[in-house]
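Colleague: Have a look at this one before I ask anything.
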Amino acid sequence: MGETYAGYFFPEVVPEIVEFFKPILVGNSVEDIPGLWAKMYHSGNFWGRVGLGAIVLCGIEAALWDLKGKQEKLPVWKILKEKWGGDFKGSDNTDFSQLPCYATGGPSNYPIDKLTGKIEYYMSLGFQGVKIGAGAYYKDSGFNIPSEPAEAADFESKKVDYIRQHFGNDLWLMFDAHMGNSSATWGLETAIAVAKAMEKYKLVFLEEPLPKGMY
Numbered sequence: 000m001g002e003t004y005a006g007y008f009f010p011e012v013v014p015e016i017v018e019f020f021k022p023i024l025v026g027n028s029v030e031d032i033p034g035l036w037a038k039m040y041h042s043g044n045f046w047g048r049v050g051l052g053a054i055v056l057c058g059i060e061a062a063l064w065d066l067k068g069k070q071e072k073l074p075v076w077k078i079l080k081e082k083w084g085g086d087f088k089g090s091d092n093t094d095f096s097q098l099p100c101y102a103t104g105g106p107s108n109y110p111i112d113k114l115t116g117k118i119e120y121y122m123s124l125g126f127q128g129v130k131i132g133a134g135a136y137y138k139d140s141g142f143n144i145p146s147e148p149a150e151a152a153d154f155e156s157k158k159v160d161y162i163r164q165h166f167g168n169d170l171w172l173m174f175d176a177h178m179g180n181s182s183a184t185w186g187l188e189t190a191i192a193v194a195k196a197m198e199k200y201k202l203v204f205l206e207e208p209l210p211k212g213m214y
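Mapping to numbering that gives the first Met the number 0: the sequence shown position 16 is 15, numbers consecutive.
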């Protein structure tokens, strides 16, 4: 199971892809979800291994597991745990009716008080962490993403430092550079400079610091 976010950007195509996979599903049960997934994946092998096809497939797979959970009157995590045959750390004493979650905040709104206001809002909803984006987004002028190594490292580290000073170290802080679709693309030197500058702030992860063709 994976992300389904791309449907947000191109929803018009999603029903057509669902219709493409529909004949594989109609008349079958949810006894063998991995088998159904494999049939759908291979039927779209020439166009659906990545991108929107794969993302729609993720949504269908999640729906199948949801249906199986409803049929068996069990939470899906318990079904997956039994099929996996392993164990989750602390699962004997953990109440899985609640799971820790973080909010994906999209762009870093600026001035900085706009960004901290967004984080405060997410925390008020009960989220234990947030993911912020590279650069700054201004309502009137749009995005500004520094791309030179020293400038980018200075800008991003100051942003993260401000957040840590405002919210402390207990906030799970993640960083998405969005370099797969950024107009100001970081090179390897910039990505390394930014990563080193933010290292002391204990990020949970740094996501997409380079365009996919540069990995």
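Just so you know, even glycine gets a beta-carbon here, dropped at the ideal spot from N, CA and C.
1) For the beta strand (DSSP E) that residue 128 lies in, which residues bound it at each end?
2) Could you tell me whether the Cβ atoms of residue 148 and residue 134 are closer together than 8 Å?
3) For a quick check, are the C-beta atoms of residue 23 and residue 38 less than 8 Å apart?
4) Just curious, the alpha helix (DSSP H) that residue 166 is in, first and last residue?
5) Out of 13, 169, 14, 138, which has the shortest C-alpha to C-alpha gap to residue 111?
6) Looking only at C-alpha atoms, which of 13, 212, 41, 117 sits nearest to residue 184?
7) Cα-Cα, which of 32, 120, 100, 130 is closest to residue 106?
8) Less than 8 Å between the beta carbons of residue 51 and residue 12, yes or no?
9) Run through DSSP, which three-state label would residue 103 get?
10) Under 8 Å by Cβ, that's how I've got residue 202 and residue 178 pegged, so tell me the actual separation to the nearest angstrom.
11) Specify the secondary structure class of residue 178 as computed by DSSP and reduced to three states.
12) Starting from residue 142, trace the alpha helix (DSSP H) in both directions and tell me its first and last residue.
13) How should residue 81 be labelled, buried or exposed, when 16 other C-beta atoms within 10 angstroms of its C-beta is the threshold for buried?
14) Taking residue 175 as the reference, give the member of 155, 61, 21, 77 with the closest Cα.
15) Name, in chain order, the residues that DSSP records as bridge partners for residue 135.
16) Run through DSSP, which three-state label would residue 64 get?
17) Going by DSSP, what residue range makes up the alpha helix (DSSP H) through residue 7?
18) Can you tell me the Cα-Cα spacing of residue 42 and residue 74, whole angstroms?
19) Considering only their Cβ atoms, is the gap separating residue 78 from residue 17 smaller than 8 Å?
20) Whose C-beta lies closer than 8 Å to the C-beta of residue 196 among residues of the same chain, with five residues either side of it excluded?
21) In angstroms with no decimal places, state the Cα-to-Cα distance between residue 69 and residue 186.
Modeller: Walking through what the data contain:
1) 128–132
2) Contact annotation: residue 148 and residue 134 have beta-carbon atoms that are not nearer than 8 Å.
3) yes
4) 148–166
5) Taking only the C-alpha atoms, the option nearest residue 111 is 138.
6) 212
7) 130
8) By the CB criterion at 8 Å, residue 51 and residue 12 fall inside the cutoff.
9) strand
10) No, residue 202 and residue 178 are not in contact; Cβ-Cβ is about 16 Å, not under 8 Å.
11) coil
12) Premise fails: residue 142 lies in the beta strand (DSSP E), 141–143, not in any alpha helix (DSSP H).
13) exposed
14) 155
15) Bridge partners of residue 135: 143.
16) helix
17) Element bounds for residue 7: n/a, residue is neither H nor E.
18) In this structure, the straight-line span from the alpha carbon of residue 42 to that of residue 74 is close to 30 Å.
19) no
20) Cβ within range, chain order: 152, 153, 155, 156.
21) 47 Å
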